[in-house]
Amino acid sequence: MKLFLILILQLLWIGIFPQVPQNGSKLPTPTSEFLRSINLNSRITIEEYIKTYFSGGKHIKVLDSTAWDTDGTFRYCHTSTEYEGVTIENYSCEMFSTFKFIFKGYSKAEVMRIMKLFFIETEYDYWEGDNYGPMKEGAGCFVSITRKPLATIVSYKCGC
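Residues 68 to 227 in the working numbering are what the sequence shown spells out, letter by letter.
Quick look at the structure:
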């Protein structure tokens with residue numbers, strides 16, 4: 068019995084079994100004051116939500132930061148910043164930036180509920196399943212939500 072318990076604890080430690088987050092796996096619902104104070108339908112909305120509701124507004128650590136040289140000027144083209152339960156990844160090495168907001172331990176339904184508060188349907192943009200973007204093909208910003216084994220990922224990118 069003791070050996071079995073040790074095996075289970077080791078599997079939890081290396082991440083074989085998903086662990087239930089300390090917060091009961093409920094994403095914080097933004098207040099009406101918060102929703103009135105931000106511009107909806109923007110990646111900045113998600114960033115402000117994370118900064119307001121996770122880790123007291125301060126990131127825990129920068130996991131990665133990669134720079135590249137253009138004409139003698141270094142630019143950051145990839146950063147990964149960790150908050151409590153959420154990681155923000157920014158890839159700006161290409162012409163258009165891509166952002167990934169990784170919500171660790173949260174269900175897709177929880178993340179979708181919050182994103183639908185931030186990205187509202189307009190005459191130009193709408194939700195279709197797990198994706199949000201322009202009604203007509205062409206330039207615009209796009210949101211997609213996917214579920215991985217231990218996290219739900221919100222991808223945000225703009226382009227043509």
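For every residue, glycine included, the Cβ atom is placed at its ideal position computed from N, Cα and C.
Please determine, among the options, the residue with the shortest C-alpha to C-alpha distance to residue i.
i, options, result
"asparagine 157", "Met182, Ile220 and Glu195", "Ile220"
"lysine 167", "Leu217, Thr146, Glu151 and Asn106", "Thr146"
"proline 216", "Phe209, Gly172 and Tyr193", "Gly172"
"isoleucine 233", "Ser159, Ala176 and Glu115", "Look at the range of the chain in this structure, 68 to 227, and you will see that residue 233 is not part of it."
"tyrosine 191", "Thr98, Asn108, Leu94 and Lys93", "Asn108"
"cysteine 227", "Ala206, Arg214 and Pro201", "Ala206"
Per DSSP, which residues does residue i bridge with? Please list them.
i, result
"cysteine 225", "Cys208"
"asparagine 198", "Glu195 and Ser211"
"threonine 96", "Per DSSP, none; premise fails for threonine 96."
"alanine 218", "Lys171 and Lys215"
Could you tell me the alpha carbon to alpha carbon distance between residue i and residue j, rounded to whole angstroms?
i, j, result
"serine 104", "threonine 96", "15 Å"
"valine 153", "arginine 180", "16 Å"
"isoleucine 113", "lysine 203", "24 Å"
"asparagine 198", "phenylalanine 101", "24 Å"
"phenylalanine 209", "glutamate 151", "25 Å"
"leucine 184", "lysine 118", "17 Å"
Quick one: measure Cβ to Cβ for residue i and residue j, integer angstroms, because I've assumed they're closer than 8 Å.
i, j, result
"cysteine 225", "phenylalanine 186", "Rounded, the Cβ-Cβ distance is 13 Å, inconsistent with contact."
Does DSSP put residue i in a helix, in a strand, or in coil?
i, result
"phenylalanine 170", "strand"
"threonine 112", "helix"
"threonine 119", "helix"
"isoleucine 181", "helix"
"isoleucine 147", "According to the sequence shown, residue 147 is serine rather than isoleucine. Here serine 147 sits in strand by DSSP."
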